[in-house]
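Asker: With the UniProt record's numbering as the guide, the letters of the sequence shown map in order to residues 1 to 164. No residue lacks a Cβ here, since even glycine has one placed at the ideal position from N, Cα and C.
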Amino acid sequence: MENAFICHLQDHWFCIRKVNGEWYNFDSLYAAPEHLSKFYLSAYLDSLKGFGWSIFLVRGNFPKECPITSSEASNGYGQWLSPEDAERITKSCNSDSRTRGGAGERQSYEPNIQYEEAEMLVDDEDEDLKAAIAASLMDSGPAIAAQPGGTSQKENKNSAGENA
Numbered sequence: 001m002e003n004a005f006i007c008h009l010q011d012h013w014f015c016i017r018k019v020n021g022e023w024y025n026f027d028s029l030y031a032a033p034e035h036l037s038k039f040y041l042s043a044y045l046d047s048l049k050g051f052g053w054s055i056f057l058v059r060g061n062f063p064k065e066c067p068i069t070s071s072e073a074s075n076g077y078g079q080w081l082s083p084e085d086a087e088r089i090t091k092s093c094n095s096d097s098r099t100r101g102g103a104g105e106r107q108s109y110e111p112n113i114q115y116e117e118a119e120m121l122v123d124d125e126d127e128d129l130k131a132a133i134a135a136s137l138m139d140s141g142p143a144i145a146a147q148p149g150g151t152s153q154k155e156n157k158n159s160a161g162e163n164a
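If you want it as structure tokens, here you go:
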């Protein structure tokens, strides 16, 4: 029986976990855990696989509760939300992003779009790196150019002086 899924694509990991018999998406890109019905869980996992995500199945006995120290609670770590609180936070964040001109947090996180943009940035960085290397090689002094026949300009001058 599955207890969780770990989803991975490039540098992003998140888990989908069963809590009190219900499935939740604990993606850190979302404001709060997202409740998933069993049907939606299946469809969501299929769509992630289609976008190239690796999905790892987790089985085993998870602890029912994790005790939280008072210092952890005051820092906001380990905060337990009711399903209603999580839904309210998610709706609030989605409506805030729509008023700022965004399309909502859920729609802005489409794996294929996010990683296509990241690949374009990496390509730009590669071009910048190539240009920087080329510039540093030009600054390192005069290059010795090879002449046809495999000899350098310096060797040609020496042999020309010997022949004269």
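(1) Could you pull the start and end residues of the beta strand (DSSP E) that A43 belongs to?
(2) Does DSSP put S136 in a helix, in a strand, or in coil?
(3) Between C15 and the rest of its own chain, which residues show a CB-CB distance below 6 Å, the 5 nearest in sequence each way excluded?
(4) Who are the Cβ neighbours of A86 in its own chain at under 6 Å, not counting the five residues just before and after it?
(5) Please report the residue range of the beta strand (DSSP E) in which W13 lies.
(6) Whole angstroms are fine: how far does the CA of A135 sit from the CA of C93?
(7) Helix, strand or coil for L129, going by three-state DSSP, please let me know.
(8) Which whole-angstrom value is the C-beta distance of Y44 and T90, which I expect to be below 8 Å?
(9) Is the distance from the Cβ of R59 to the Cβ of E2 below 9 Å?
(10) Where does the unbroken beta strand (DSSP E) through Y24 begin, and where does it stop?
(11) Can you tell me which of G50, S28, W53, Y24 puts its alpha carbon nearest to the alpha carbon of F39?
Answerer: This is what the structure gives:
(1) Locating residue 43 in the sequence shown gives position 43, counting from the first residue. In the DSSP assignment, A43 falls outside any beta strand (DSSP E) and lies within the alpha helix (DSSP H) extending over 38 to 50.
(2) Looking up residue 136 in the sequence shown gives position 136. Helix at S136.
(3) Mapped onto the sequence shown, residue 15 falls at position 15. So the qualifying residues of the chain are A4, I6, F26.
(4) Counting from 1 along the sequence shown, the entry for residue 86 is found at position 86. Here the set comprises A32, P33.
(5) One-based indexing of the sequence shown puts residue 13 at position 13. Run containing W13: 12 to 19, per the beta strand (DSSP E) assignment.
(6) As a first step, residue 93 is located in the sequence shown; it is residue number 93 there, counting from the start. As a first step, residue 135 is located in the sequence shown; it is residue number 135 there, counting from the start. Straight-line Cα distance between these residues: approximately 47 Å.
(7) As a first step, residue 129 is located in the sequence shown; it is residue number 129 there, counting from the start. Here L129 sits in helix by DSSP.
(8) Taking the sequence shown and counting its residues from 1, the one referred to as residue 44 is at position 44. Taking the sequence shown and counting its residues from 1, the one referred to as residue 90 is at position 90. Contact check for Y44 and T90: beta-carbon distance about 15 Å, past the 8 Å limit, so the pair fails to qualify.
(9) As a working note, residue 59 is residue 59 in the sequence shown. As a working note, residue 2 is residue 2 in the sequence shown. Against a cut-off of 9 Å, the Cβ pair of E2 and R59 comes out as a contact.
(10) Indexing the sequence shown from 1 puts residue 24 at position 24. Where Y24 is concerned, the enclosing beta strand (DSSP E) stretches over 22 to 25.
(11) The count along the sequence shown starts at 1 and reaches residue 39 at position 39. Closest by alpha carbon: Y24.
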